[in-house]
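S.K.: Protein sequences, first through last, are from chains B and Z. At position 151 of the first sequence the residue is numbered 151 (our numbering), and the sequence of numbers has no breaks. At position 165 of the second sequence the residue is numbered 387 (our numbering), and the sequence of numbers has no breaks.
Number of protein chains: 2
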Amino acid sequence: MLPSSTVENYLKALYQAEATRNENGLVPIGQLATAVRVAPGTATTMVKALAESGLVQYEPYLGVRLSPAGTKLAALVLRRHRLVEQFLVEVMGMSWAEVHEDAEQLEHVVSDRLIERMDAMLGHPSVDPHGDPIPTADGNVESHEYHSLLTCPLGTPVKVIRVADQNANFLRFLEEHKLKPGESIEVEARDPAADSVQLRTDDERRITIGTNAASKLLIEVL
Amino acid sequence: MLPSSTVENYLKALYQAEATRNENGLVPIGQLATAVRVAPGTATTMVKALAESGLVQYEPYLGVRLSPAGTKLAALVLRRHRLVEQFLVEVMGMSWAEVHEDAEQLEHVVSDRLIERMDAMLGHPSVDPHGDPIPTADGNVESHEYHSLLTCPLGTPVKVIRVADQNANFLRFLEEHKLKPGESIEVEARDPAADSVQLRTDDERRITIGTNAASKLLIEVL
DNA sequence: AGTTCCGTTTCGGCAACTCAAAATATAGAA
DNA sequence: TTCTATATTTTGAGTTGCCGAAACGGAACT
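1. Are Y232 (chain Z) and L284 (chain Z) closer than 9 Å when you measure CB to CB?
2. Does the distance from the CB of F392 (chain Z) to the CB of A435 (chain Z) come in under 9 Å?
3. Taking the C-alpha atoms as reference points, what is the distance between I337 (chain Z) and K12 (chain B)?
4. So which residues on chain B does M316 (chain Z) lean against when the C-beta distance must stay under 9 Å?
5. Roughly how far, in whole angstroms, is the beta-carbon of V158 (chain B) from the beta-carbon of C152 (chain B), given that I think they are within contact range, below 8 Å?
6. Considering only the alpha carbon of each residue, which of B:R65, B:D195, B:E8 and B:E220 lies closest to V77 (chain B)?
7. Report the residue from Z:P262, Z:A297, Z:E329 and Z:M340 whose alpha carbon sits nearest the alpha carbon of D360 (chain Z).
8. For a test of the three-state rule: what should DSSP assign to P133 (chain B), helix, strand or coil?
9. If we call anything under 9 Å between Cβ atoms a contact, is V56 (chain B) one with G70 (chain B)?
10. With which residues is Q279 (chain Z) paired in a DSSP beta bridge?
11. In chain order, what residues of the same chain lie with their CB nearer than 8 Å to the CB of G353 (chain Z), ignoring the 5 residues before and after it?
12. Is there a Cβ from chain Z that is less than 9 Å from the Cβ of Q105 (chain B)?
13. Helix, strand or coil for R388 (chain Z) per DSSP?
14. Check whether the Cβ of A100 (chain B) lies closer than 9 Å to any Cβ atom in chain Z.
15. Which residue marks the beginning of the alpha helix (DSSP H) containing R259 (chain Z), and which one marks its end?
16. Give me the Cα-Cα distance between L376 (chain Z) and P357 (chain Z), rounded to the nearest whole angstrom.
17. Determine the burial state of H81 (chain B): buried for a count of at least 16 other Cβ atoms within 10 Å of its Cβ, exposed for fewer.
18. Quick check on this structure: which residue in Z:P290, Z:M343, Z:V443 and Z:Q238 has the alpha carbon closest to the alpha carbon of V311 (chain Z)?
19. Please report the Cβ distance between A97 (chain B) and E183 (chain B), rounded to the nearest whole angstrom; I am assuming they are in contact, meaning their Cβ atoms lie under 8 Å.
20. Select from B:L2, B:L199, B:V36 and B:S111 the residue whose C-alpha is nearest the C-alpha of Y15 (chain B).
21. My output table needs one value for A189 (chain B): the three-state DSSP class, helix, strand or coil.
22. So, at 7 Å on beta carbons, what are the nonlocal neighbours of A46 (chain B) in its own chain, with the 5 sequence-adjacent residues on each side left out?
23. Using a Cβ-Cβ cut-off of 9 Å, state whether H330 (chain Z) counts as contacting chain B.
24. If you drop the 5 nearest sequence neighbours on each side, which residues of the same chain put their C-beta closer than 7 Å to that of D195 (chain B)?
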């Protein structure tokens, strides 16, 4: 049985919640429910079904964890999503701020044939327009640990590698201020009290952003 | 309320059944059920719902007819389907024989934004790889009446314009024998008893095909 | 008029997915 | 230990889309 779009979305959400999972490596049901935008009870029901099909391990009252099979499936969904995004930007010339919604639909529908053709046409890219890594066809991901603008050293040139947020307005903001992946910037100061971070961009302009926004910009020290 | 994939498929089937509709311009429920591959009772239920939303006119025991609203919606589904097919062939380099299945899925999911970009990238094509006309964004279609290889004059050069069948094996056969839209051929003879039609292709090769196959090849007398 | 046949409709039921609200579990505070 | 807050699970119910089988309508044949 091939997984429904709904199942794919649950798996994807669990995969992406990996970062924010709790002590035991379990994702609480509530968090999952929020991610897939359903009522908690709905998530409980679905998770039991997923456990039934061996895609997750379910510990009542504690949370869920992807099984190896679930992890692989989720990685493939993410592969499709990210290749589609890269394709929409590189080939179709769409804005990186607006491709997420389209990819969200297409990821459940593009055939293997088509996705591999996109992959080849793009030269087998390793990351999508937001810097998110693209899993391989067998479900493996090259994962790196990056600093964010919150944790990197001050006064040192750094390069934006990845943006961990798909909000279109935020992405448009980043584009306008030369903060897309690949751009070089520098953190001049942080003010925890003001909840802000001061940046200097490549073209010598100064911008102040909130710490929440800063935490979404992952960087590499140059 | 935006139409579900299921609704889109029913409307599309009705639109395409226009050719084979009965006296009153009504499509019998049984035919519709066959087209969308559901049991007759399922089609009856769905048709009542469609009538409820004003997308079709339903005459119990007689059949269904698309309303103006339904016709427009169906045309837009077909527009997406055919533009996607053209895109897959022209841009993605896929075989015309294999794009139908992919398009069948994508037609329900590609956004207006994306479809218009494809349209522009393709130079606003008027037909898809099978010669089927592509409706405009406002739902209009340039429709022509063509002869088929069954009704055209004998011994006269004709050009293949359109193939009214999406079967992959049939399409591959046509490709192998230079019978794709655009190719010039000639009907040498017809044998109703043998249920066959004899052709001579552009490269002087002779082929005999069945009358059913011949009826699927629409042509223009040169 | 009665019968037969075929297509259509109605009926009861099932599967996937969802919600709201009641019941329950867990963990931390009193 | 008992109480309380919060998260989770259970329950009952609704929606969409589907099926199989029984009931029905209409046209044609006796």
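Don't be surprised by glycine CBs; every beta carbon is placed ideally from N, CA and C. These numbers were taken from a predicted model, which means no experiment stands behind them.
M.R.: So, from the listed chains and residues:
1. The answer is no: Cβ separation not under 9 Å.
2. It is a contact, given that the beta carbons lie within the stated cut-off.
3. The C-alpha of I337 (chain Z) lies about 26 Å from the C-alpha of K12 (chain B).
4. Going along chain B in sequence order, the residues near M316 (chain Z) (Cβ under 9 Å) are R113, L114 and R117.
5. Contact between V158 (chain B) and C152 (chain B) holds, with the beta-carbon distance rounding to 5 Å and staying under 8 Å.
6. Each of B:R65, B:D195, B:E8 and B:E220 was checked against the Cα of V77 (chain B), and the nearest Cα belongs to B:E8.
7. Just measuring C-alpha positions, the residue of Z:P262, Z:A297, Z:E329 and Z:M340 sitting nearest D360 (chain Z) is Z:A297.
8. P133 (chain B) falls in the strand class under three-state DSSP.
9. Taking 9 Å as the Cβ cut-off, V56 (chain B) and G70 (chain B) qualify as a contacting pair.
10. The partner list for Q279 (chain Z) (beta bridge, DSSP) reads Z:R287.
11. Excluding the 5 residues flanking it on each side, G353 (chain Z) has same chain C-beta neighbours closer than 8 Å at V382, I383, R384, V385, P403 and L440, in chain order.
12. So yes, Q105 (chain B) belongs to the interface.
13. It should be noted that the sequence gives Gln, not Arg, for residue 388 (chain Z). The DSSP-derived three-state label of Q388 (chain Z) is coil.
14. What sits at residue 100 (chain B) in the sequence shown is His, not Ala. With 9 Å as the cut-off, H100 (chain B) does not count as an interface residue toward chain Z.
15. No alpha helix (DSSP H) contains R259 (chain Z), which DSSP labels as neither H nor E.
16. If you take the alpha carbons of L376 (chain Z) and P357 (chain Z), they lie about 32 Å apart.
17. Answer is buried; the Cβ neighbour count reaches 16.
18. Residue Z:M343 is the option with its Cα nearest to V311 (chain Z).
19. In fact, because the Cβ distance is near 15 Å, the residues do not count as touching under 8 Å.
20. Nearest in C-alpha terms to Y15 (chain B), of all of B:L2, B:L199, B:V36 and B:S111, is B:V36.
21. Here A189 (chain B) sits in strand by DSSP.
22. For clarity, residue 46 (chain B) is Met in the given sequence; the question names Ala instead. Hits under 7 Å: Y10.
23. For H330 (chain Z), the nearest CB of chain B lies under 9 Å from its own CB, placing it at the interface with that chain.
24. Only G210 and T211 meet the Cβ criterion.
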